[in-house]
Amino acid sequence: MTTSPAPAGVEPADPAERGGTRVDGVEVLGALSPSRVGDFLNCPLLYRFRSIDRLPEPPSPAAVRGTVVHRVLEQLFDLPAAERTPEQADTMLAPAWAELQAIEPAVSSMFPADGPEIVAWLASCSEVLARYFALEDPRRLEPAERELYVETLTESKLLLRGVIDRVDIAADGAIRVVDYKTGNSPVEMFEGKALFQLKFYALVLWRMRGVVPKMVQLVYLGNSEVLRYEPDEQDLLATERKVLAVWDAIRAATERRQFEPRKGAGCAWCAHQAICPAWGGEAPPYPVPEVREPPAPPD
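Letter 230 of the sequence shown, counting from 1, is numbered 230 in full-length UniProt numbering, and no numbers are missing.
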């Protein structure tokens with residue numbers, strides 16, 4: 001059995017963990033985002049590596065492409081409607097890439113400096129953006145919110161939080177939750193799993209604003225598909241029960257300090273396969289929380 005060092009790179013990306021507000025006056029049991037729920041359901045050990053150990057992961061061209069394209073689509077709506085064109089979006093790619101490199105220098109290691117790889121990758125970003133304009137005309141849209149951080153506290157004191165790509169509000173007050181995906185749409189049998197993230201967001205918005213979103217919409221820029229769904233209260237209550245059940249399972253695993261690996265399709269691109277027991281590796285010791293001494297009494 002071999003033990004390999006954790007890969008160098010960046011901390012696992014979860015925008016909800018970079019935003020957020022302090023919940024004053026309430027003892028919060030913990031916090032969950034759709035990404036972290038998905039991690040635990042796919043592989044409890046992956047959840048541990050990302051949320052507890054916080055092991056860095058090497059940046060991947062596909063994930064970074066998604067980050068850059070999301071940034072361009074966010075900034076596109078800062079422009080006057082008439083200027084939201086494919087040509088203008090193309091000019092915004094290089095600055096968005098430079099901005100990301102300044103924030104996360106490790107992403108620069110994906111490609112040799114000034115080599116053909118970066119040129120081809122930026123071209124792939126441009127292709128993804130072009131598909132967006134084939135699906136929507138941003139000159140006819142005025143989103144109410146972009147990259148909106150949302151959070152709500154359940155009755156059990158679990159904080160649900162996330163970052164929504166776009167929120168549209170119609171003249172009659174109807175809410176549409178929109179999420180961009182730079183990959184391909186899932187086959188029909190996995191659509192429910194894909195929609196879970198947006199049902200989670202719809203649940204949080206409902207708790208925050210008292211209105212069930214009229215529609216949730218996944219825009220897949222990899223193959224120019226749009227997946228739409230109209231949730232209702234029963235859907236969102238079922239989503240809440242599922243999230244709470246996942247949290248109970250996480251708490252039980254934390255108490256036992258046992259997060260079991262689960263082999264699946266995601267193993268093919270998991271950054272931690274070398275230290276996964278399911279693949280002959282050895283997980284690092286479970287991290288011990290730091291115990292801080294109480295402050296000394298004043299003299």
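Every residue gets a Cβ at the ideal spot worked out from N, C-alpha and C, and that includes glycine.
With distances taken between CA atoms, E151 lies nearest to R209 out of W247, R209 and L55.
Excluding its 5 nearest sequence neighbours in each direction, C276 has C-beta neighbours in its own chain below 6 angstroms: P261, listed in chain order. Nearest to P231 by C-alpha distance, out of E240, V128, S224 and E225, is E240. Residue state for Y286 is assigned as coil, using DSSP reduced to three classes. Remark: C-beta atoms of V246 and F40 approach each other more closely than 8 angstroms. In the displayed model, E142 falls within coil according to three-state DSSP, outside both helix and strand. Here the C-alpha atom of V243 lies approximately 7 angstroms from the C-alpha atom of V37. Here W97 is buried: its Cβ has 16 or more other Cβ atoms, across all protein chains shown, within 10 Å. Residue pairing for K181: DSSP places it in a beta bridge opposite Y220.
In this structure Q197 is in contact with D179, their Cβ atoms being roughly 7 angstroms apart against a cut-off of 8 angstroms.
Annotation for A253: P44 and F259 place their beta carbon closer than 7 angstroms to its own, counting only its chain and skipping 5 residues before and after.
Close CB contacts of D53 within its chain, under the 7 angstroms cut and outside five residues either way in sequence, are with P284 and P287 (chain order).
Contact between the stretch 147-166 and the stretch 98-118 is not established, with fewer than three Cβ pairs separated by less than 8 angstroms.
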